[in-house]
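Remarks on the structure that follows.
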Amino acid sequence: MKKEEIINVISEVLNRKVDENTSKEEIQEWDSLKHLQIIMEIEERFNVAISINDLSKINSVKDILNILKIS
Amino acid sequence: MKIAILSNVNVDSMGEKLNDHFQVYTPPGFNTWINEISNDNSGLNLFDPDVVFILIDGISLFPETRFEDAIPIIDDLMSFIGKYSEKNSKKRIIISNIDVKDPRLVPFKYYKDTSRIENAWVEKIKSLNRENIYIFDLQGLIRDNGRNSMYSDKGWYFGGMRFSMNGEKIIVSEVSKIFFAFKGGQKKCIVLDLDNTLWGGIIGEDGINGISLSDVKEGSQYKDFQKRLKDLKNMGVLLAIASKNNFDDAIEVIRNHPHMVLKEEDFVSMKINWDPKYVNIQKIAEDLNIGLNSIVFIDDDKFERESVKTQLPEVEVPDFPQDSTMLAKWITQLQKDYFEFIEVTEEDLEKTEMYKSQEKRKTLLEQSASFEDYLSSLEMKLKIWNLKKEDLPRAAQLTQKTNQFNVTTKRYTEFDLEKMMADPNFSVYIGSVADKFGDNGKVVFLIVKKDKDIAYIDTFLMSCRVMGRHIEDHVMDFVEEEMKKQGIKKIRASYIPTKKNISVKNLWDDLGYKRISEGQNGEVSYEIDLENKPERKVYSQLVI
Chain A
0 MKKEEIINVI SEVLNRKVDE NTSKEEIQEW DSLKHLQIIM EIEERFNVAI SINDLSKINS
60 VKDILNILKI S
Chain B
0 MKIAILSNVN VDSMGEKLND HFQVYTPPGF NTWINEISND NSGLNLFDPD VVFILIDGIS
60 LFPETRFEDA IPIIDDLMSF IGKYSEKNSK KRIIISNIDV KDPRLVPFKY YKDTSRIENA
120 WVEKIKSLNR ENIYIFDLQG LIRDNGRNSM YSDKGWYFGG MRFSMNGEKI IVSEVSKIFF
180 AFKGGQKKCI VLDLDNTLWG GIIGEDGING ISLSDVKEGS QYKDFQKRLK DLKNMGVLLA
240 IASKNNFDDA IEVIRNHPHM VLKEEDFVSM KINWDPKYVN IQKIAEDLNI GLNSIVFIDD
300 DKFERESVKT QLPEVEVPDF PQDSTMLAKW ITQLQKDYFE FIEVTEEDLE KTEMYKSQEK
360 RKTLLEQSAS FEDYLSSLEM KLKIWNLKKE DLPRAAQLTQ KTNQFNVTTK RYTEFDLEKM
420 MADPNFSVYI GSVADKFGDN GKVVFLIVKK DKDIAYIDTF LMSCRVMGRH IEDHVMDFVE
480 EEMKKQGIKK IRASYIPTKK NISVKNLWDD LGYKRISEGQ NGEVSYEIDL ENKPERKVYS
540 QLVI
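Residue numbers (numbering that gives the first Met the number 0), protein chains in the order written: chain A, 0 to 70; chain B, 0 to 543.
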């Protein structure tokens, strides 16, 4: 699981390019449903579990990478 | 093609996934599908889709529901679907079967029988007995892939999405193949290698007793594979062979091996020689008069596959599984990818026979002194009649699929044609052509629209199987005489050019029709005065 792969998945779900510094509030498409889909897609694709408690703490691409402990 | 996806769960992201290929509508709000199909002013009705896909999540539809309580709910929902399908008889409605799961915690002894509800759902759909309703096997997908992989609790509790991202992908991939099948575009022919493809081993080295083909163990992989190929043949797919072998070695297996499922008569063409495979594939395409782009080539040898890919880029060349235990799954996927058919007509079943007689005709032509001699010696019989109800599927199929000999290329559904059949202003004819080599089936189709003493040829098409035999002369002669009897004085016709119908560009000129106008897009209008119609030489005999 590499940083680029995670960023690609997020871009794919949002159907637009994002990078490491993109935050949720600057992207209109990143609504609560898409938020959930991003997490589900990452979980399923990389066989990891992201706790539902972390969901509301995620506000950016960086937050996701941090939770997955990817730097 | 316009597609609406309705569901009792959130399917927005499935809609987005289908967006690339189709115009998609998913209703706003949650679980609004009944309102969408029953309300005339709903978004669904304004969108006016060609196909309505109703995906039902059985778990949320029947939570903790006893069989007795489920029945009235099913009856109720199906009456809405039944009404919608009657009102929208031109639309295709695909409704899923359901997977029901009773989440209640119970002692071991109380077996929770959810399959009765699942079965009742399907039985009820079938009892609607509507031709425009199709059943989507969602349950089958869930069984193959497992609930744990298809469903997501996270998605459900936090987004109303029942299916996991993976589950959505599986459903979307499956259903889009059905949408594509509605559009047509399936492949026509499979060209097969023999060694390590139809049987294990190499006949030239192992001999008929050494190859692997049997009812049990390793050999049954190949026998099962052949059975699936036979299924495809029975759906109207043509099977052909391109194999590098001594003909005698290979044909001995095909004729005499006790476990060969595919027999000599199942193959429309057998090229067993030492020529390069692309040469043989080209010959097969020419002999059968089909495009290279309608051929799928199956060979276990990577070198052969690459060579065909390079030489004939139009031919579809899927990778062949290296592990022979994968063959069963692989052929299932192959069908989904290239040969997803909605239904099979009588003509489809006879296809192999028809194409084989095509080859015999070719031989006769090569031996004939002249083309006229050839046509006369074919002993063709043309039969034309007013379209009947039982002809509707074939007639619709002809309008959908015929590209070459088709002067206006108008596509019609069974429902369209049924309406015209009932309208006295229309005459709709279908015709079959037989000759001494066999019956080509229903291959001629015409729609004539009458307005006072003028008749308009709305559609005139013939299957490419019978092209180039002057049958069109005879058909138009027949139609003109019929129109005369009905008091028609003039017939108007037109040619609307497409990329594929160049072969009928001068059809009306050749039939003695006069050009009356030419449109900007290349459309040409013609007219003939039935009092002054030319004598035409015909080679077929008319059977009424």
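Don't be surprised by glycine CBs; every beta carbon is placed ideally from N, CA and C.
Asked	Found
DSSP state of B/A368 mapped onto helix, strand, coil	coil
Short-range partners of chain A found in the stretch 159-179 of chain B, where Cβ spacing is below 7 Å	S163, M164 and N165
Sufficient close CB pairs (3 or more, under 8 Å) joining the stretch 53-60 of chain A to the stretch 28-42 of chain A	yes
Same chain, Cβ closer than 8 Å to A/A48, five either side skipped, listed in chain order	E42
Range of the contiguous beta strand (DSSP E) that encloses A/M0	From DSSP, A/M0 is part of no beta strand (DSSP E); its letter is neither H nor E.
Terminal residues of the beta strand (DSSP E) in which B/G430 lies	F425 to D434
Own chain residues within Cβ distance below 7 Å of B/R393, not counting five before or after	T344, E346 and K441
B/I93 versus B/L529: straight-line alpha-carbon distance, rounded	47 Å
B/N288 versus B/L261: straight-line alpha-carbon distance, rounded	23 Å
Distance between beta carbons of B/K380 and B/T398, contact taken as under 8 Å	Their Cβ separation, rounded to whole angstroms, is 24 Å, which puts B/T398 and B/K380 out of contact at 8 Å.
Amino acids of chain A, ordered along the chain, whose beta-carbon sits closer than 7 Å to that of B/G154	L35 and M39
Sufficient close CB pairs (3 or more, under 8 Å) joining the stretch 58-74 of chain B to the stretch 11-22 of chain B	no
Endpoints, the beta strand (DSSP E) within which B/G440 is located	G437 to D450
Cβ-heavy atom distance, B/E358 to the ligand PLP, below 7 Å	Ligands displayed in this structure: none; no statement on the ligand PLP is therefore possible.
Continuous beta strand (DSSP E) assignments of at least 3 residues falling wholly in the stretch 38-114 of chain B	50-54 and 91-95
Nearest neighbour of B/S151, chosen from B/A249, B/F162, B/D300 and B/Y277 [CA to CA]	B/F162
Amino acids of chain B, ordered along the chain, whose beta-carbon sits closer than 9 Å to that of A/E19	Chain B residues near A/E19: none, gap ~22 Å exceeds 9 Å.
Against chain A: residues of the stretch 3-27 of chain B by CB proximity under 8 Å	N9, D11, S12 and E15
Contact set between B/S151 and chain A, taken where Cβ atoms lie within less than 7 Å	M39
Validate contact between the stretch 510-523 of chain B and the stretch 412-427 of chain B using beta carbons, cut 8 Å, 3 pairs	no
Simplified DSSP assignment, three categories, for B/G199	strand
Neighbour flag for B/F52 against chain A, beta carbons, 8 Å	no
B/G521 burial status per 10 Å Cβ neighbour count (16 or more: buried)	exposed
Between the CA atoms of B/Q281 and B/D205 - distance to the nearest angstrom	30 Å
Interface positions of the stretch 45-61 of chain A facing chain B (Cβ-Cβ less than 7 Å), listed along the chain	I51
For B/G166 and B/S148, believed in contact at Cβ under 8 Å, the rounded distance	7 Å
Exposure of B/Y110, with buried meaning 16 or more beta-carbon neighbours within 10 Å	exposed
Contacting residues, own chain, Cβ-Cβ under 7 Å from B/A249 (five flanking each side not counted)	L193, I202, S242 and I271
8 Å Cβ cutoff, B/F157 in contact with chain A	yes
Neighbour-count burial assignment, B/T458, 16 or more Cβ in a 10 Å radius	buried
Reduced DSSP secondary structure (H/G/I, E/B, other) of A/K56	coil
Close beta carbons around B/E358, own chain, < 6 Å, minus the five adjacent residues each side	D286
Contacts of A/E43 in chain B (Cβ-Cβ under 7 Å)	S163, M164 and N165
Check whether B/F545 and B/S88 have beta carbons under 8 Å apart	Only positions 0 to 543 of chain B appear in this structure, which leaves residue 545 of chain B out of reach.
Chain B within 8 Å of A/V64, Cβ atoms only	Note that residue 64 of chain A corresponds to Leu in the displayed sequence, not to Val. So no, A/L64 is outside the interface.
Residue from B/V105, B/L45, B/E371 and B/D300 whose Cα sits closest to the Cα of B/G199	B/D300
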